[in-house]
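Number 4 in UniProt numbering belongs to position 4 of the sequence shown; there are no gaps in the numbering. Note sheet for the following structure.
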Amino acid sequence: MDLEFYKKQALQKQKEHKKFLDGLKKKPPKNLDYAVQETHEEVFERIDCLQCANCCKTTGPLYTEKDIERIAKHLRMKAADFEAKFLRVDEDNDKVLQNLPCFFLNEDNTCSIYDVRPKACREYPHTDRKKIYQINSLMIKNTVICPAAYEFVERIMKNLAK
């Protein structure tokens, strides 16, 4: 997977993507949630996250208290010890990873805590959300990081133009 190509394309098309997504916010089509789900499935039939894992290498998820408790329990650690070992508080006062790439990312791009991974990881890149227009700025950011998010925006533009 050519991450540089996707990043370059995403940056070149940012204005076009933003304009399209802003249009969805102003006047969402009746079938938007259905089109989003269908487009999400189309994209992930073709893109395998294990070929990429750029999200795990370059951006850390936000950890909720529930995430911390669940993962710490899975690792047989106290929540406070898990936080001290892996997390830090960022400028937005969110709990995030101390270091990237993610500590839980294996050599083969699999996740060592996949079954208990943070909610943010389970939902990434957020291309199957209802009312997708509520996360326009996040989607634009994700297109630069994630080839699937870029493909999703490109395809939803085509699918909704039909």
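All C-beta atoms, glycine included, are put in the ideal place defined by N, C-alpha and C.
Per DSSP, the continuous beta strand (DSSP E) segment holding V89 begins and ends at L87 to V89.
Shown here for L138: not one same chain residue has a beta carbon closer than 6 Å to its own, the five before and five after excluded. Per DSSP, L97 is one residue of the beta strand (DSSP E) stretching across K95 to L97. Three or more Cβ pairs closer than 8 Å define a contact, and the region 123 to 140 meets that threshold against the region 17 to 33. The region 108 to 125 makes contact with the region 49 to 56; the number of CB pairs closer than 8 Å reaches 3 or more. Between K95 and E83, the C-beta gap is smaller than 8 Å, which places the two residues in contact. Between the region 116 to 131 and the region 30 to 39 there are three or more inter-stretch CB-CB distances shorter than 8 Å, so the stretches are counted as touching. C-alpha of F86 to C-alpha of K30: approximately 44 Å in a straight line. DSSP, reduced to helix, strand and coil, places L11 within a helical segment of the structure shown.
C146 carries a coil assignment under DSSP once its states are collapsed to helix, strand and coil. Nearest to F5 by alpha-carbon distance, out of E154, K158, A161 and V144, is V144. L100 is a Cβ neighbour of G60, given a cutoff of 8 Å. The C-beta distance from E151 to V43 rounds to 5 Å, short enough to meet the 8 Å contact threshold. Per DSSP, D48 lies in no alpha helix (DSSP H) segment and is marked neither H nor E.
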